[in-house]
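Have a look at the structure below, then the notes.
Numbering (my numbering), first residue to last: 2 to 468.
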C-alpha cells in the first residue's frame with residue numbers, strides 16, 4: 002500500500018514500522034469512539050438495572066465527556082514533557098483499567114468514578130492522536146494518514162450503536178465495558194512496540210494555565226449541557242460566566258507564561274486559524290444535526306432507538322468511503338479547495354434534511370444523510386491536513402490538542418443549540434436550518450484561505466523537487 006511505502010528522504014517511520022504503529026492507534030481510537038456511542042444507546046438499560054432515573058443515568062455519559070473535554074489541552078501540553086509515546090501508553094492503560102472497573106460496578110457512584118477515569122484515559126490518547134500520525138508518516142502522506150484517521154473515527158461511530166444493540170440482545174450491559182479489556186491489552190502491546198520515540202521538551206509546565214484550561218472547558222461543557230436539558234437560567238448562565246472568566250484569565254496567562262500550555266503565536270498563521278474556525282463551525286452543524294434528527298425520527302416519525310441508529314449509518318459510512326480518498330487528494334491538490342467543495346455538499350444535505358417531513362420515508366432520509374456524510378468526509382481530512390501542515394512539526398502536539406478541543410466544543414455547542422431551540426418550542430427543522438447556517442459560515446472561512454493554501458502547495462512541491 003502507498004501509505005507503507007518508503008522513499009528516499011522520507012521523514013517519519015520506515016514503511017514496515019508504520020504498520021504496527023497504525024494498528025496501535027486504530028485500536029486505541031476505536032475503543033474510545035465506540036465506547037461513547039455504545040453507552041449512549043445502553044443508558045435506558047443501565048438505568049433500569051441500577052434502578053435510577055433517566056436524568057441520573059445521563060451522567061454516565063456526561064462525566065466521561067466533561068473529564069475528556071477538560072483535559073484535552075492539558076494532556077497535549079504534558080506530552081511535550083513526558084513524550085507522546087509515554088503519555089499514549091499511560092492513557093491507554095488508564096482507559097483499559099477503568100473499563101474493567103466499570104464492568105464490575107454495581108452502583109451508579111462507582112460506575113461514575115470509573116467513567117471519569119475512562120474520560121481521563123481517552124483524553125490522553127485523543128489529544129495527541131493526530132500528532133502521532135504526523136510522527137509516523139512522512140509529510141508527503143500527511144493527508145492520506147489523516148484520511149485514515151477519519152475513516153477509523155467514522156467507523157467507530159457507525160459500529161457503536163449496532164454493536165451495542167447486538168451485545169444487549171444476548172448479554173448484560175457490563176459486557177459493553179468488558180469488551181474494551183482484551184482490545185486494550187492488544188493495543189497496549191502494539192503501542193509499546195511500535196509507537197515512535199521522541200525527546201521530551203526541557204523547561205517547566207504551565208500549571209496555572211492547565212488549571213484554567215480545565216476550568217474553562219469543563220464549565221463550558223456543563224453550560225452547554227444545562228442549555229441542552231433546558232435547565233434553569235441561573236444554572237446555565239452561571240456555568241457560562243465561569244467559562245468566560247476562565248477563558249479570559251487563560252488567554253492572559255498564555256501571553257505571559259514562560260512555557261505556555263497553548264502558545265497563542267500559532268494563531269498568527271492564517272491558514273491554521275481559518276482551518277480551526279471552519280472545523281469548529283462544521284462540527285456545530287454535525288453535532289446539532291445528529292441530536293435534532295434523533296428527536297425527529299423517534300418523536301415525529303415513530304422509529305425506535307435502534308432503527309434511528311440505522312438511519313444515521315449512511316453518514317459515517319460515507320465518511321469511511323470518502324475520507325481516505327479526500328485525504329489522499331489533499332496531498333496532491335489544494336486541500337482548502339477540497340474542504341470547500343465538501344462543505345457545499347454538506348450544506349446541500351443539511352438543507353435537504355431540513356425539508357424532511359413525515360411523508361418523506363426511509364429512502365428519502367437515507368440519501369440526504371448520505372449526502373451529508375459525503376460532504377463531511379470530503380471536508381474533514383483536507384481541513385485537518387491544513388491545520389496540521391500549516392505549522393512546523395514541533396508544534397504538532399499543540400495542533401493536535403486544538404483539533405480535539407475544537408471538535409468537542411463544536412459538537413457540544415451544537416447539542417446545546419438543539420436543546421435551547423426545543424425548550425423555546427421551536428420545531429426540530431428550525432435547528433437543522435441553524436446547522437446549515439453554521440456550515441455556511443464554515444464555508445466562508447474555508448474559501449478565504451484557498452489562495453494561501455495554493456501558495457503553500459506550490460512551495461511544498463518545489464521543496465520536494467529540490468530534495
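All C-beta atoms in this analysis are idealised placements derived from N, C-alpha and C, irrespective of residue type, glycine included.
Residue of the options minimising C-alpha distance to residue i
{"i": "residue 398", "options": "135, 92, 23, 166", "result": "135"}
{"i": "residue 288", "options": "164, 333, 226", "result": "226"}
{"i": "residue 361", "options": "44, 463, 440, 298", "result": "298"}
{"i": "residue 431", "options": "249, 66, 292", "result": "292"}
{"i": "residue 37", "options": "21, 441, 66", "result": "66"}
{"i": "residue 197", "options": "445, 17, 334", "result": "17"}
{"i": "residue 63", "options": "124, 435, 222, 268", "result": "222"}
{"i": "residue 281", "options": "440, 365, 146", "result": "440"}
{"i": "residue 118", "options": "437, 97, 267", "result": "97"}
{"i": "residue 347", "options": "444, 6, 28, 408", "result": "444"}
{"i": "residue 21", "options": "68, 193, 167", "result": "193"}
{"i": "residue 185", "options": "27, 422, 402", "result": "27"}
{"i": "residue 437", "options": "169, 262, 377, 322", "result": "377"}
{"i": "residue 204", "options": "83, 99, 89", "result": "83"}
{"i": "residue 425", "options": "160, 72, 231", "result": "231"}
{"i": "residue 195", "options": "23, 261, 270", "result": "23"}
{"i": "residue 95", "options": "219, 296, 181, 455", "result": "181"}
{"i": "residue 416", "options": "141, 294, 260, 165", "result": "294"}
{"i": "residue 286", "options": "248, 344, 43", "result": "344"}
{"i": "residue 433", "options": "290, 449, 327, 407", "result": "290"}
{"i": "residue 167", "options": "338, 42, 313", "result": "42"}
{"i": "residue 92", "options": "60, 25, 442", "result": "25"}
{"i": "residue 318", "options": "273, 338, 379", "result": "379"}
{"i": "residue 191", "options": "388, 261, 86", "result": "86"}
Spatial distance of residue i from residue j (CA atoms)
{"i": "residue 171", "j": "residue 206", "result": "48 Å"}
{"i": "residue 324", "j": "residue 341", "result": "14 Å"}
{"i": "residue 129", "j": "residue 265", "result": "18 Å"}
{"i": "residue 189", "j": "residue 127", "result": "15 Å"}
{"i": "residue 154", "j": "residue 372", "result": "18 Å"}
{"i": "residue 394", "j": "residue 54", "result": "48 Å"}
{"i": "residue 149", "j": "residue 30", "result": "12 Å"}
{"i": "residue 428", "j": "residue 301", "result": "11 Å"}
{"i": "residue 308", "j": "residue 368", "result": "16 Å"}
{"i": "residue 8", "j": "residue 81", "result": "28 Å"}
{"i": "residue 210", "j": "residue 74", "result": "10 Å"}
{"i": "residue 120", "j": "residue 52", "result": "24 Å"}
{"i": "residue 224", "j": "residue 241", "result": "5 Å"}
{"i": "residue 19", "j": "residue 421", "result": "45 Å"}
{"i": "residue 253", "j": "residue 396", "result": "20 Å"}
{"i": "residue 331", "j": "residue 270", "result": "19 Å"}
{"i": "residue 239", "j": "residue 139", "result": "46 Å"}
{"i": "residue 257", "j": "residue 215", "result": "19 Å"}
{"i": "residue 235", "j": "residue 137", "result": "47 Å"}
{"i": "residue 220", "j": "residue 251", "result": "13 Å"}
{"i": "residue 32", "j": "residue 158", "result": "11 Å"}
{"i": "residue 321", "j": "residue 450", "result": "26 Å"}
{"i": "residue 103", "j": "residue 304", "result": "30 Å"}
{"i": "residue 390", "j": "residue 143", "result": "8 Å"}
{"i": "residue 470", "j": "residue 463", "result": "Nothing can be reported for residue 470: it is not among the residues displayed for the chain, which extend from 2 to 468."}
{"i": "residue 276", "j": "residue 384", "result": "6 Å"}
{"i": "residue 401", "j": "residue 132", "result": "5 Å"}
{"i": "residue 327", "j": "residue 339", "result": "7 Å"}
{"i": "residue 34", "j": "residue 263", "result": "25 Å"}
Start and end residues, alpha helix (DSSP H) containing residue i
{"i": "residue 39", "result": "16-51"}
{"i": "residue 302", "result": "Taken as a continuous stretch (DSSP letters only), residue 302 belongs to no alpha helix (DSSP H), as it is neither H nor E."}
{"i": "residue 172", "result": "Careful: residue 172 lies outside any alpha helix (DSSP H) and carries neither H nor E."}
{"i": "residue 115", "result": "109-137"}
{"i": "residue 412", "result": "397-424"}
{"i": "residue 200", "result": "No alpha helix (DSSP H) contains residue 200, which DSSP labels as neither H nor E."}
{"i": "residue 274", "result": "271-296"}
{"i": "residue 63", "result": "60-83"}
{"i": "residue 360", "result": "Neither: residue 360 is in no alpha helix (DSSP H) and is coded neither H nor E."}
{"i": "residue 141", "result": "Looking at the DSSP string, residue 141 is not in any alpha helix (DSSP H), and its letter there is neither H nor E."}
{"i": "residue 189", "result": "181-195"}
Check: residue i C-beta below 7 Å from any heavy atom of the ligand MG
{"i": "residue 224", "result": "This structure does not include the ligand MG; it has no bound ligands of any sort."}
Min CB distance residue i to chain B below 8 Å
{"i": "residue 400", "result": "Going by chain labels, chain B is absent from the structure shown, which holds only one protein chain."}
Checklist entry - In chain order, which continuous runs of the alpha helix (DSSP H) of length 4 or greater are located wholly inside the segment 226-266? => result DSSP runs (the alpha helix (DSSP H)) wholly in the segment 226-266: 234-257.
Item to check | alpha helix (DSSP H) segments (min. 4 residues) lying fully within the segment 438-463 | outcome: Qualifying alpha helix (DSSP H) stretches: none in this window.
Checklist entry - Can you list the alpha helix (DSSP H) stretches of 4 or more residues lying completely in the segment 308-360, in chain order? => result Every unbroken stretch of the alpha helix (DSSP H) spanning 4 or more residues and falling wholly within the segment 308-360 is given here in chain order: 315-331, 336-355.
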